[in-house]
Each structure stands twice: as structure tokens, then as C-alpha cells.
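See below for the structure under consideration.
This is the structure:
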């Protein structure tokens with residue numbers, strides 16, 4: 001490997017990290033501004049917005065609500081997405097391309113269109129607006145991403161392993177559980193992170209399919225009506241820290257599980 | 261009151277409303293429907309927190325607030341739920357009534373059931389826009405208007421006597437406005453009826469007027485920095501000094517002024533339009549009785565109105581609400597008589613025709 | 629059918645095998661399970677049907693259902709139907725697009741913007757993905773990737789306002805340039821295609837990064853080394869070996885990013901200027917401002933979607949041809 005190239009590439013990587021993180025740092029800093037509006041110059045500082053977040057039960061419960069929705073919808077997406085990926089990968093059958101296209105469809109529809117389509121459809125099916133409806137719409141929207149990621153991984157699974165298992169008489173279900181699934185773990189973990197993220201960040205579906213309890217983005221949108229305040233920045237920062245903490249804990253937890 | 265310390269803005273708002281609710285328990289006697297719940301769609305801070313707590317405690321009616329952020333979304337949501345909505349009370353602007361009424365989404369308001377109806381300033385409760393098909397459709401709570409806001413460190417008061425300053429070479433690339441609203445103002449500025457009610461019988465004339473306004477805005481397009489949509493956007497543009505002056509609703513501008521930002525607002529000599537947020541009862545509302553109890557309660561005291569003004573920056577429709585405002589808050593929510601004399605309210609009668617012409621014109625301006 | 633068969637398929641450690649043996653063995657011999665598996669896997673055909681039935685039902689009901697509903701709305705003259713009004717089927721919503729030039733400009737602008745931003749995203753993220761997959765030790769790859777994911781946990785709106793704080797006239801960049809003495813007056817970055825691009829690439833980078841990374845990660849290092857042994861320069865190696873072998877990742881990343889870009893709404897609206905109106909804004913207008921023009925909005929959305937699909941389909945065909953040509 002060429003040393004110069006390597007240095008150049010790492011510079012590009014860190015420049016990209018900088019690009020991605022600078023807005024984030026600005027957000028964190030603005031949460032300390034003693035004013036009702038974010039922006040420079042900052043004349044005086046306060047901790048009030050940050051401490052306020054922990055006292056605001058509305059924000060905390062919205063955070064909890066969003067988290068449960070994200071976790072539930074992710075579980076559904078992962079199960080369904082993996083199932084579809086296994087059906088589609090490496091098989092040839094009539095209508096495969098149609099099913100593939102239909103599977104990818106929800107990822108490609110503009111948010112507002114998909115939200116309204118879901119709302120009309122939910123009403124037609126008799127699904128009440130609320131947590132169930134939000135989880136459903138997020139799950140449907142996120143399945144394509146799981147399928148794409150899992151299929152990519154699946155395509156690299158050595159066929160010989162599957163054949164060996166079958167030759168030895170293991171039925172397809174056990175083969176799946178013991179060969180395929182363990183091989184897919186990295187893909188599933190990656191896809192889960194992605195799904196959690198999409199769900200946690202979603203505004204438009206949550207708004208149209210939600211009831212009286214706001215998810216965090218819905219609450220933030222409503223608060224934005226009276227201006228982009230440091231309060232919103234503080235909420236977003238705290239939410240980021242909390243999800244980060246939960247993520248790290250979950251990672252440690254699964255790692256410990258794997259060790260046992 | 262322990263929970264009320266989370267933010268200064270909210271603290272002031274809730275404290276004021278708290279004392280208001282304590283000082284006026286009159287509505288309680290008329291509360292015949294005890295228990296149950298009432299479902300409300302409204303903007304952030306339009307239902308003062310302390311009032312809500314007090315109301316729930318005294319009547320046993322649970323208040324479920326669903327926060328919304330624009331009129332169109334409320335309409336879409338309600339249209340998707342009709343004819344059996346989950347909502348009892350919505351927050352519709354007076355000039356958007358017709359759209360909701362035409363689709364059978366609102367129930368006429370029975371003002372006889374509201375003993376506090378008289379506490380609303382008649383300017384708002386008895387205005388020309390408020391009666392449609394012989395009925396009242398909403399209880400006015402806050403009023404807003406289209407104003408010209410300017411950074412006082414960059415622009416002098418003499419320069420903003422006319423809307424023309426928005427289109428001057430001097431402030432090229434330093435202005436912003438909401439296109440849809442600007443169309444009405446330009447029509448007014450050109451001497452026409454921006455509500456188009458006068459041309460209901462003459463659509464050809466209406467079309468020609470919209471065309472004229474459209475051409476004007478297309479000609480001036482190189483001068484504008486941004487066509488924006490939301491109050492938070494224009495606030496941010498002022499703070500970042502991306503603009504020096506712009507058209508704005510008074511609420512967002514007032515919030516900036518109250519925060520100490522060097523901003524002022526005016527109604528230029530050509531005049532401007534105002535609108536009123538009202539609480540409305542949904543057609544087929546699941547808890548209509550509780551909705552009336554709630555409406556009567558929230559109209560009970562000017563202090564509640566003042567609390568809403570403090571939180572939103574919009575002007576209270578309650579009689580005497582300004583008595584409960586600080587000097588800065590008064591300044592940011594009042595205009596001279598001269599300015600007020602040119603103010604007109606948006607009206608809905610001709611909306612279908614008007615927006616039939618204006619919406620495509622707005623698209624055309626954006627595309628130009 | 630026995631324990632040791634199931635057991636031998638496993639390659640794990642000894643201790644684990646023992647516990648596995650009991651569990652998997654028991655499961656596989658357990659009556660009901662055995663019967664069920666027997667019934668399900670009686671023939672490859674039946675096995676396939678069992679595997680296929682659930683995905684089929686899912687895509688038909690969950691994915692196609694809402695779309696058909698939207699298509700139906702786009703073909704009507706009134707939705708939601710007001711009481712006392714009869715709903716008719718019509719093609720007018722579609723002809724309206726083709727009949728009025730003012731819709732074409734945002735439409736084509738969206739396609740051009742999406743293509744340009746997709747290309748920018750590719751150029752920016754390819755080296756990043758390359759660095760991650762080839763120069764970072766395998767143990768740290770996940771960590772470095774996750775590092776890039778963190779900012780995406782912050783909602784789109786908050787992040788977009790942060791970009792305003794970054795690029796505004798009194799924003800961080802202008803302050804910095806002024807402090808360094810490069811400028812006297814602030815540079816108006818905001819409300820231009822540039823500020824819009826900064827915001828959009830932020831949104832699309834992730835969708836590009838993941839396919840590129842997985843394509844690059846799969847690429848055996850030995851290929852490159854072999855090429856190097858044959859005396860190929862770094863640039864030639866990249867052009868002749870790495871690039872052709874990652875075409876698939878490039879193609880799927882670009883397709884995904886392009887399609888998603890055509891639907892962006894909030895970021896272009898907040899960061900764009902007077903002359904950067906995108907088609908999603910036009911579509912949203914029919915749902916928001918006018919409120920009662922859902923059918924037109926639905927029809928326009930369908931048109932946009934169809935156009936984007938045709939374009940990406942053509943693009944994929946082209947990429948496939950390129951790949952075939954290269955391997956020859």
C-alpha cells in the first residue's frame with residue numbers, strides 16, 4: 001500500500017467526520033445559549049435548557065414512546081426482512097423480480113405520500129391511529145433496508161456449508177438456525193441500527209398515524225412553531241446521549257451474552 | 261407549582277394563567293358534564309399548562325392535547341378521520357373556515373352555551389369573517405397579522421413606510437416573504453381587494469389581477485433572498501442576519517422582540533391583512549359537551565388570554581387581556597391607531613376562486 | 629435423523645456441542661416438530677410455498693396496498709369526498725401536469741439536482757468507504773462506521789437548523805473566515821444550491837456509504853496485490869481492479885440515493901433559495917396549502933415516481949452492460 005495514498009485517504013475520512021460532526025457540535029453548544037433563539041453571537045450562557053429537559057415530563061415520555069416504537073418496529077422489520085431476503089436470494093422462480101420490486105417499493109416513496117397513503121389505508125383496514133399504527137407503518141417502511149442488507153450478506157454465504165448440513169440430514173429450519181442465521185448476525189445488527197435510526201427520526205408517518213401522544217420528532221415540530229429555541233437543541237442533545245448510552249449498553253449486553 | 265420551573269418562558273406563562281384560573285372559578289358552576297375527557301388539536305402553548313391542570317382538577321375532565329404545526333395538516337388529518345373524528349376541539353384560522361365547513365368537518369358553534377362569549381372583544385367575535393351561513397363556527401382566541409418586520413440596526417423606521425422597501429435595490433438579497441401571503445398584500449398594494457370578494461361575479465377580472473400581482477413578483481424575484489413558509493424560518497434568518505427586513509406574521513416577530521433582538525414591526529401605509537385563530541368544535545365530536553365546558557372555561561378570564569399572548573406572541577382576542585402584559589410585551593403586540601386603521605381581515609367567501617388563481621401563480625413564481 | 633447428524637453440522641467448540649446436542653437433537657426428534665417439519669418439507673415445492681407465502685402476503689398487503697390506494701386517489705376528481713358530491717374517475721390530474729409548463733421546471737430540476745447530488749455523494753463517500761474497508765483494521769471498522777452514524781440520530785429538522793447556524797451570514801464559517809482575515813463582508817452561503825447540497829449530502833451519505841462499504845469489504849486484497857506484483861501503478865490498480873469490482877455497490881448505492889433524493893422535502897425547503905424549488909414541494913403544496921387537491925398531488929407523485937424508476941432502471945441496465953464489458 002502506498003503510504004501517501006493512505007495518508008490522503010485518512011485525511012479525507014477525518015474531513016468527512018468533521019463535516020458530519022460540526023453541525024452536531026453547534027447543536028450541543030446552542031443548547032447552552034441564554035436566549036430563546038439559537039445563533040451567533042452568544043452573549044450569555046445558561047444551563048437552564050439542559051436541566052429543564054430532565055424536568056419536562058412531556059419530553060421524557062415522548063422519548064420513551066419513540067424508543068418503544070423504534071424497538072418494536074425494528075423487531076418486526078428484521079423478522080420480515082430476513083424472511084423475504086432468504087426467499088429472494090439465489091432463487092429463481094416466476095414472479096421473483098416482481099416480488100423484489102414490490103419489496104423495495106416502500107423505501108422509495110416520498111415520505112408525505114407514503115404517510116397519507118398509509119393513513120387512508122389504515123382507515124380502510126380499520127386500524128386506529130396510535131402506537132400500533134405507527135409501529136406498523138415504520139415496520140413496513142423499514143423492511144426494504146433489511147432485505148437489501150441481509151441479501152448482500154447472504155450472497156456471500158458459502159453454498160458448501162448449506163449443502164454439507166443438508167447432506168448430513170439437517171432439516172431446512174435447523175440449517176437456517178444453525179448455519180444461516182449465525183452467518184447473518186453482522187448484517188442483522190447493522191440493519192437493526194439503521195431501522196432504529198429511521199424509526200426514531202421519522203416525523204411524517206408518526207404524525208399522520210399517531211394519536212394524542214407525540215413521538216419526539218412530532219413534539220419537536222410542534223415546539224418549532226414558536227421558534228427554534230435552545231430548548232429544542234438541548235432536547236435533541238439529551239436524546240442523542242440517551243440513545244447513545246442505551247446503544248452502548250445493548251452492545252455490551254449482547255457481547256456478554258455471546259461470551260456465556 | 262414545582263413542575264413549573266422548567267423554562268422561563270413557560271414559567272411566566274403558566275404562573276400568570278395559574279393565578280388567573282385561581283382568581284376566576286366562575287366557570288366551574290356551569291360545568292355540568294363532570295368526568296370524561298376532551299381531545300384538542302392545537303399549537304404549542306395555545307392551552308396554558310396551569311389552566312389545563314386547574315381545569316382537569318376542578319371538572320374531572322381529562323384534557324388530551326395533540327400538538328399540530330399547520331392548518332393544512334389539521335385539515336388532512338381530520339379529512340382522513342371523518343366522519344367519526346377522534347377530536348373535539350380544533351384550532352382553525354378564521355379564513356380557513358370555509359374549507360372545513362364545505363367538507364362537513366366543523367359543527368356550528370352554539371354561542372348560547374358559552375356564558376363567557378361576551379368576554380371576547382367584539383372586533384373579533386362579531387367581525388365579518390366570523391359568521392358563515394348564518395352560524396358562528398369558532399371562538400376567537402388569538403389574532404395575528406401580516407407585518408413588515410425589520411432589523412432596527414440596519415433599517416430606519418422612515419424606510420419602512422411602504423411595502424415597496426421589500427422590493428428596493430438597496431436591500432437586494434436581504435429580504436424574505438411568504439409567497440402565498442405576499443400575493444394578497446401585493447393585490448392590496450395595487451389597490452385591489454386581496455380577498456377577491458369584490459370580484460366574485462367577475463372571475464375574469466380576478467384572474468387578471470392575480471396575473472398582474474404574479475408578474476410583479478416575478479419581476480422582483482432577483483431581489484429576494486428566500487421565499488419561506490414557517491415563523492421559525494424568518495426568525496432564524498433575522499438572527500443570522502441573512503435578511504435585514506421581511507414580511508412576517510406578528511407572532512414570530514414579537515417573540516424575537518421580546519427576546520431582546522433589535523427588531524421592530526410595522527403595518528405599512530398600503531395596509532395589510534389580519535387573521536384570527538379560533539377554537540372550533542368538530543362535527544360529530546365524541547365529547548361535544550366537554551368541549552363546550554372547556555371553551556367556556558378558557559374564555560373565562562383575560563389573564564388566560566394574556567398567558568397565551570405571552571407564549572405565542574400573537575394578540576389576545578380577550579377584552580382587557582393587555583392589562584396583564586409587561587411593557588415590552590405590550591409594545592410587541594400593539595400598533596398605532598394609524599397602522600390599525602389600514603388593517604383588514606382575511607375573508608373566506610371567495611377563497612375557492614382566489615386560490616384557484618393564486619396557487620398556480622405561486623407555483624409559477626417559484627418556477628420562474 | 630439423529631442427534632449426531634444435527635450435531636456434526638456444527639463447527640463450534642466441544643463444550644457447546646454438548647449442550648447443543650441435547651437441545652437441537654431434542655427439538656429435531658420432538659414429535660410435533662418432527663411431524664410439522666415432515667409435512668412442510670415433504671417436497672421442495674411445498675417447502676418453497678411455505679417459505680414464499682408470508683412474504684407474498686406481506687408485500688401485497690403492506691407494500692402494494694397503500695400504493696394502489698394512492699393510485700386510485702390519483703384517478704379520481706375529488707378526495708376526500710365531500711358529502712353530497714359524487715366521485716368520478718378521470719385522467720385530468722395527469723393531463724394537468726403535461727398541460728402546464730410551470731410544473732415542468734421543478735420536475736426536471738429535481739431530476740437534475742438528484743443526479744448531481746448523487747454524483748457528489750458518490751465522489752465524497754467513495755474514499756471514505758475505501759478508507760474504512762481497506763485501511764482500518766477489521767476490529768475497528770465497525771467502530772469507525774458507527775462514529776459516522778452518530779449524527780444521524782439527530783432529527784432532520786434540528787440538524788438542518790444547525791446547518792443554518794453554520795452557513796448563515798453570522799454563522800460559524802463566516803465568523804471563522806472573518807477572524808482569519810479572508811473576508812470583510814459575510815459570504816451569503818445560505819439559500820443557494822450550495823447550502824441545499826450541504827444539507828442533502830448529509831442525508832444521502834449514509835445510503836451511499838453502506839453499499840459501497842460492503843462492496844469494498846468483500847473485495848479480496850489479493851487481487852490488488854497481484855496487480856501490484858504485475859507492476860500496475862496505484863491509479864491503474866484502482867481503475868482496472870477496484871473500480872470494476874465495486875461497480876455493483878456503486879450502482880446500488882446510486883440507485884438508492886437517487887430515488888430517495890427525488891422525495892426530499894424538508895431539507896430543500898429549509899435550505900434552498902427562491903430558484904431551487906423541488907418537485908416534492910410542488911406535490912406537498914397540493915396536500916398542504918390547497919388541502920383539497922389530494923388527487924392532483926397523488927397523480928404528480930405517481931409521475932415523479934415513475935420517472936425516477938425509469939431513469940434508475942436505465943442506469944442499472946447501463947451499469948450492468950459496463951460490468952459485463954469489463955469482465956470480458
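Chains as they are written, first to last, in my numbering: chain A, 1 to 260; chain B, 261 to 628; chain C, 629 to 956. The C-beta atom is built at its ideal place from N, Cα and C for all residues, glycine as well.
**OP:** Keeping to the same chain, check which residues put their C-beta closer than 8 Å to that of residue 162 (chain A); ignore five residues upstream and five downstream.
**Re:** The beta carbon of residue 162 (chain A) sits closer than 8 Å to the beta carbons of 175, 179, 180 from its chain, once the five residues preceding and following it are set aside; these are given in chain order.
Could you tell me whether the Cβ of residue 303 (chain B) comes closer than 8 Å to any Cβ of chain A?
-> A Cβ of chain A is located within less than 8 Å of the beta carbon of residue 303 (chain B).
Residue 352 (chain B) - DSSP class collapsed to helix/strand/coil = Looking at residue 352 (chain B) - three-state DSSP - the assignment turns out to be strand.
### Message
Assess contact between the segment 711-726 of chain C and the segment 936-949 of chain C, defined as three or more Cβ pairs (one per stretch) separated by less than 8 Å. Is contact present?
### Response
No: the two stretches stay apart, fewer than three of their Cβ pairs being nearer than 8 Å.
Report task. Check residue 576 (chain B) in the structure and name its three-state DSSP category. Result -> Looking at residue 576 (chain B) - three-state DSSP - the assignment turns out to be strand.
*asked:* Using only the alpha-carbon positions, how far apart do residue 885 (chain C) and residue 327 (chain B) sit?
replied: Rounded to whole angstroms, the separation of the alpha carbons of residue 327 (chain B) and residue 885 (chain C) is 32 Å.
Quiz item: alpha helix (DSSP H) containing residue 150 (chain A): first to last residue?
Solution: That run of the alpha helix (DSSP H) goes 131-154.
### Query
When you check each C-beta in the segment 227-241 of chain A against every C-beta of chain C, which residues fall closer than 7 Å?
Within the segment 227-241 of chain A, the residues whose Cβ lies closer than 7 Å to any Cβ of chain C are, in chain order, 228, 232, 233, 236, 240.
Using a threshold of 7 Å, is the CB atom of residue 107 (chain A) nearer than that to any non-hydrogen atom of the ligand ATP?
-> Within the structure as shown, the ligand ATP is missing, as the structure has no ligands at all.
- Query: How big is the Cα-Cα spacing for residue 356 (chain B) and residue 684 (chain C)?
  - Reply: Cα to Cα, residue 356 (chain B) sits roughly 44 Å from residue 684 (chain C).
**Where residue 897 (chain C) meets chain B, residues with beta-carbon distance less than 7 Å** = By Cβ distance, chain B contributes 489.
key: Contact residues within the segment 2-22 of chain A, judged by C-beta distance below 7 Å to chain C   = Among the residues of the segment 2-22 of chain A, those with a Cβ less than 7 Å away from any Cβ of chain C are 2, 5, 6, 9, 10, 12, 13, 16, 17, 20, 21, 22, in the order of the chain.
Boundaries of the alpha helix (DSSP H) in which residue 611 (chain B) is found, first to last residue: Per DSSP, residue 611 (chain B) belongs to the alpha helix (DSSP H) from 611-627.
Exercise. Flag this pair as yes or no: are the beta carbons of residue 116 (chain A) and residue 203 (chain A) separated by less than 8 Å?
Key: Their beta carbons are not under 8 Å apart, which means residue 116 (chain A) does not touch residue 203 (chain A) by this criterion.
Checklist line | Nearest-angstrom Cα separation, counted from residue 891 (chain C) out to residue 414 (chain B) | finding: Rounded to the nearest angstrom, the two C-alpha atoms are 38 Å apart.
### Query
In chain order, what residues of the same chain lie with their CB nearer than 7 Å to the CB of residue 422 (chain B), ignoring the 5 residues before and after it?
Excluding residues within five positions, the ones whose Cβ falls inside 7 Å are 528, 529, 530.
*Residues of chain A with a CB under 7 Å from the CB of residue 846 (chain C): which are they?*
Ordered by position in chain A, the residues that pass the 7 Å Cβ test against residue 846 (chain C) are 156.
Exposure of residue 287 (chain B), with buried meaning 16 or more beta-carbon neighbours within 10 Å: The pLDDT assigned to residue 287 (chain B) is 43, lower than 50, so where the model puts this residue is not dependable; a value taken from the coordinates is nonetheless given after this. By the neighbour-count definition (other C-beta atoms within 10 Å, threshold 16), residue 287 (chain B) is a buried residue.
Segment contact, 8 Å Cβ cut-off, at least three pairs: the segment 481-488 of chain B with the segment 444-462 of chain B: No, they do not touch.
Practice task
Count the other CB atoms, across all protein chains shown, that sit within 10 Å of the CB of residue 600 (chain B); report buried if there are 16 or more and exposed otherwise.
Solution key: It counts as exposed.
State buried or exposed for residue 498 (chain B), treating a residue as buried only when at least 16 other CB atoms are found within 10 Å of its CB. Residue environment analysis places residue 498 (chain B) among the buried positions, since at least 16 neighbouring C-beta atoms fall within 10 angstroms of its C-beta.
- Query: Since residue 901 (chain C) meets chain B, which of its residues come closer than 8 Å, beta carbon to beta carbon?
  - Reply: Within chain B, the residues near residue 901 (chain C) are 485, 486.
Can you name, in chain order, every residue of its own chain whose Cβ lies under 6 Å from the Cβ of residue 707 (chain C), other than the five neighbours on each side?
-> Excluding positions up to five away in sequence, the list reads 701, 922, 923.
DSSP-derived helix/strand/coil call for residue 306 (chain B)
In this structure, residue 306 (chain B) counts as coil in the three-state DSSP scheme.
Practice item. Rank B:487, B:557, B:598, B:551 by C-alpha distance to the C-alpha of residue 376 (chain B) and give the top, closest one. Key: It is B:557 whose Cα lies nearest to the Cα of residue 376 (chain B).
Problem - Beta-carbon proximity list for residue 799 (chain C), same chain, < 6 Å, skipping 5 on both sides - result: Take residue 799 (chain C), set aside five residues on each side of it, and the residues of its chain with a beta-carbon closer than 6 Å to its own are 793, in chain order.
Residues near residue 845 (chain C) in its chain [Cβ-Cβ closer than 6 Å; skip 5 each side]: So the qualifying residues of the chain are 761.
Mapping the DSSP letters down to three states, classify residue 596 (chain B) as helix, strand or coil.
In the three-state reduction of the DSSP assignment, residue 596 (chain B) falls in the coil class.
Quick one: is residue 698 (chain C) near chain A, going by C-beta distance under 8 Å? At least one chain A Cβ lies under 8 Å of residue 698 (chain C).
- prompt: Between which two residues does the alpha helix (DSSP H) harbouring residue 333 (chain B) extend?
  reply: For residue 333 (chain B), the uninterrupted alpha helix (DSSP H) segment begins and ends at 331-341.
Based on the DSSP output, what are the partners of residue 781 (chain C) in its beta bridges?
The partner list for residue 781 (chain C) (beta bridge, DSSP) is empty, contrary to what the question assumes.
- Using a Cβ-Cβ distance under 8 Å, would residue 759 (chain C) count as near chain A? So, interface residue.
* What residues of chain C sit near residue 201 (chain A), judged by a beta carbon separation below 9 Å? -> Going along chain C in sequence order, the residues near residue 201 (chain A) (Cβ under 9 Å) are 780, 781, 782, 783, 784.
- Task: Could you name the residues of chain B that residue 35 (chain A) contacts, counting a contact when the two beta carbons are closer than 7 Å?
- Result: Residues of chain B passing the Cβ test: 519.
Requested in this report: Pull out every residue of the segment 100-121 of chain A whose Cβ sits closer than 8 Å to any Cβ of chain C, in chain order.
Outcome: Those would be 102, 103, 105, 106, 107, 108, 109, 110, 111, 112, 113, 114, 116, 117, 118, 120, 121, in chain order.
Check your understanding: By how many angstroms is the C-alpha of residue 559 (chain B) removed from the C-alpha of residue 299 (chain B)?
Key -> So the two alpha carbons sit approximately 17 Å from each other.
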